[in-house]
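Asks: Below are the structure tokens for one structure; questions will follow.
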Amino acid sequence: MRYVALGDSYTIGTSVPSEMRWPDQLVAALASRPPTLDLVANLGVNGYTSGDLIRHQLPALDDLRPEFVTALIGVNDVVQGLPAATNEANVTAILDDLLGRVAANRIAVVATPDYTVTPAGADFGDPRRQHDGIVAANAALARLAGARGIAFVDIFDLSLDAATDRSLVADDGLHPSGAQYALWVTRIAPVVVALLEG
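Sequential numbering from 1245 applies to the sequence shown in the working numbering.
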């Protein structure tokens, strides 16, 4: 099944080897049970906002013709201080565009992790304000996805463990390590299996 991953640095796996990115780990985790996923493109780009995804990643799907899509987007909306209404409007546009391409059970959206618990987390503004922004963005994503019958996978709580377990943080001191992405996949994979079997 042709799989395309959309998103930002968390999707492209900034600071980890390609095989440790969570979309790659997801494909590996599901390799023994059909239908399997073939990751034809990981379109994640470091620093991308929801608006960037609309402008640059959605059009690429015309040629890629995905049969399954994941999206993880929103952290840079928070970092850049975009209004919540803008984020929600963009997420709505993203989800509706995807539904025009594949069925709801061929889409999974993933929560944004809390980078404020990482060593470099405080470099991006007030940690409490950033934390609250991520929580709000995740809540909006969950609500908007749920209203459309799209699976939302919440990995936010898993990211909090990086506050005390630095093996869950990449060498850049900010992004998740391959070990943290592996934890995410233990939660994402069962959801995707249920979707593929549905």
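The C-beta atom is built at its ideal place from N, Cα and C for all residues, glycine as well.
#1: Since V1435 and V1397 are thought to touch, with beta carbons under 8 Å apart, how far apart are those beta carbons, to the nearest angstrom?
#2: Quick check: the Cα distance between T1255 and R1373, rounded to an integer number of angstroms?
#3: Chain C beta carbons: is any one of them nearer than 8 Å to that of V1322?
#4: On a Cα-Cα basis, can you pick out the residue from A1383, N1349 and M1264 that is closest to G1442?
#5: So N1334 and G1295 are in contact, right, with Cβ under 8 Å, and what is the actual spacing, rounded?
#6: Use the C-beta contact count for T1330: other C-beta atoms within 10 angstroms, 16 or more gives buried, fewer gives exposed.
#7: How many whole angstroms separate the CB atoms of V1354 and T1314, which I take to be in contact at a CB cut-off of 8 Å?
#8: Under a Cβ-count criterion, where at least 16 other Cβ atoms within 10 Å of its own Cβ denotes burial, should A1383 be classed as buried or exposed?
Replies: Put simply:
#1: 5 Å
#2: 23 Å
#3: Going by chain labels, chain C is absent from the structure shown, which holds only one protein chain.
#4: N1349
#5: 6 Å
#6: exposed
#7: 6 Å
#8: exposed
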